[in-house]
Structure formats: structure tokens, C-alpha cells
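Numbering (full-length UniProt numbering), first residue to last: 1 to 257.
Okay, so here's the structure we're looking at.
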């Protein structure tokens with residue numbers, strides 16, 4: 001009798017834990033997102049969604065963001081859920097402390113140039129891995145952006161590429177990453193965001209612009225990929241620190257054009 005009770009208890013707990021993980025992943029990918037949107041997306045009742053959201057909030061894995069109504073400017077701000085920094089760490093940033101210490105040692109001995117070169121080498125490996133996957137999409141810029149998003153997804157960046165202003169000169173893809181495995185590392189060393197942006201340009205074949213990063217306080221990393229007038233071309237090698245032209249705005253903090 002006791003064994004049957006224990007088995008039933010375990011079988012009921014496991015699906016509940018899986019649902020919790022599904023909710024956390026959905027907030028990561030869709031956030032800022034409402035409880036109602038999560039219920040529709042996951043096929044859960046409002047009560048079930050709120051139970052898991054309340055639990056994840058108490059654990060510090062997600063947090064509430066209040067968003068005002070931009071259209072009317074009236075009424076109470078809407079509650080939206082996003083993954084917290086602790087939640088990002090829960091998903092897998094265990095090497096952070098060791099990596100930070102190693103990079104600080106590089107910075108102490110070689111300065112900014114050493115960090116830039118390290119970041120470039122790190123993302124050069126990403127470029128080599130993703131290039132054939134993106135090239136397989138052909139010369140269409142939007143298709144290449146979506147192929148890059150798929151490649152990023154395979155490496156758990158939780159990426160999407162959505163089309164904006166289709167058919168106009170302002171047409172673009174908005175490439176978003178809901179998870180950054182080096183978020184806190186990039187907060188201390190923004191050179192990683194700059195290097196990633198340049199690699200995205202090289203992979204897709206057009207000049208892209210980074211609109212926001214999680215490292216600089218955004219809830220997602222967003223990259224603007226122009227498609228309205230763009231022609232795919234193979235961009236030149238990433239310049240070294242000494243060759244870079246000074247800019248008043250860093251790639252990881254550029255504003256929307």
C-alpha cells in the first residue's frame with residue numbers, strides 16, 4: 001500500500017516539475033510576457049500558470065516588469081514577466097567566476113587589446129560553425145537571418161528572427177536572443193557584445209546594428225538586420241583594435257535607427 005502511494009506521489013511531482021521548466025523557458029523566450037499569454041502558449045489554465053509564476057518569482061528566477069499602455073497612456077501598468085539574472089544563471093552560467101578571473105588577468109597583463117583579441121577568437125569559432133548553415137539559406141537576407149536564429153537556437157541562445165515592415169525600404173529582420181550564456185561576463189567586458197555583432201554582420205553579409213543587450217540591461221539581445229535595400233556580400237575580416245575607428249556609440253548600446 002505504502003509503495004503505491006509513494007509511486008503516485010512521484011509520478012505527480014515529475015510532470016509538475018516539467019511544467020515549471022516549460023514556464024521558465026517560455027518566459028525566457030517570450031518575455032516580457034503576460035500570464036494570459038503564457039497560458040495560451042502552453043495550454044495551461046490561468047490558475048496553473050499563476051501557481052508556477054508565483055513559485056518562480058519566490059525563487060527569484062523570474063521578476064515582474066510593469067509596462068504602461070503606450071497607446072492610451074491611461075490605466076494601470078500591465079504586469080509582464082521576464083527572467084531574472086539568477087534565472088539566467090540557473091539555465092547554465094556555472095563557469096562565470098573562473099572565466100571572469102581569467103579575463104581580468106588578461107586585462108591586467110595586456111589591457112583592452114588582449115580582451116578584444118580573446119573575444120574575436122571566441123566568436124571566430126562561432127562564425128566557422130554557423131557559416132555553412134547560414135550560407136545554405138541562399139542570398140536572401142531575411143532567410144539568412146532566420147537561419148542564423150536557428151543555429152543560435154541549437155546552442156541554447158533562444159533566438160528568433162521576425163520580419164518587420166515587409167515590402168518597404170524599411171524592411172528588416174529583428175534578430176532576438178532570449179538567453180546569453182555569457183551575460184554577466186559581457187557586463188564586465190562589453191567587447192564580447194561588439195565582437196558578436198561584427199560576426200553577425202559577417203555571417204549574414206550586411207551591416208547590422210545592435211539595439212539592445214542583456215549585458216547592458218535589456219531583457220533580450222536585439223539586432224536590427226536591414227533587408228529592404230540590402231545586398232548580401234562577404235564582409236571583410238574584423239579589424240584589430242589598432243585598426244578600429246573610434247565611435248561615440250558602442251555596438252552593444254546603439255539606439256534604434
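The beta-carbon is built from N, C-alpha and C at its ideal position, and this holds for glycine as well.
Residue 66 sits away from residue 23, with the two beta carbons spaced by 8 angstroms or more. Between residue 226 and residue 172, the C-beta spacing is below 8 angstroms.
From the listed residues 17, 42, 228, the smallest Cα separation to residue 168 is found for 228.
Beta-bridge pairing by DSSP links residue 33 to 81. With a cutoff of 8 angstroms on beta-carbon distance, residue 144 and residue 134 are scored as near each other.
Closest option to residue 205, judged by alpha-carbon separation, among 62, 215, 231: 231. The straight-line gap separating the alpha-carbon atoms of residue 224 and residue 210 is approximately 6 angstroms.
Secondary structure note for residue 176: its beta strand (DSSP E) is the uninterrupted segment 172-177.
Judged by pairs of C-beta atoms under 8 angstroms, the stretch 42-50 does not touch the stretch 74-83, as fewer than three such pairs exist.
One alpha carbon belongs to residue 103, the other to residue 40, and they sit about 43 angstroms apart. For residue 37 and residue 150, the gap between their C-alpha atoms comes out near 23 angstroms.
Per the coordinates, the alpha-carbon of residue 61 lies some 5 angstroms from the alpha-carbon of residue 84. The C-beta distance from residue 191 to residue 115 rounds to 5 angstroms, short enough to meet the 8 angstroms contact threshold. Counting the other CB atoms within 10 Å of its CB gives residue 109 a total below 16, which places it among the exposed residues.
With fewer than 16 neighbouring CB atoms inside 10 Å of its own CB, residue 105 falls in the exposed class.
Per DSSP, the unbroken alpha helix (DSSP H) holding residue 48 starts and ends at 46-58. When only Cα atoms are considered, residue 214 and residue 193 end up about 10 angstroms apart. Straight through space, the alpha carbons of residue 49 and residue 26 are spaced by roughly 11 angstroms.
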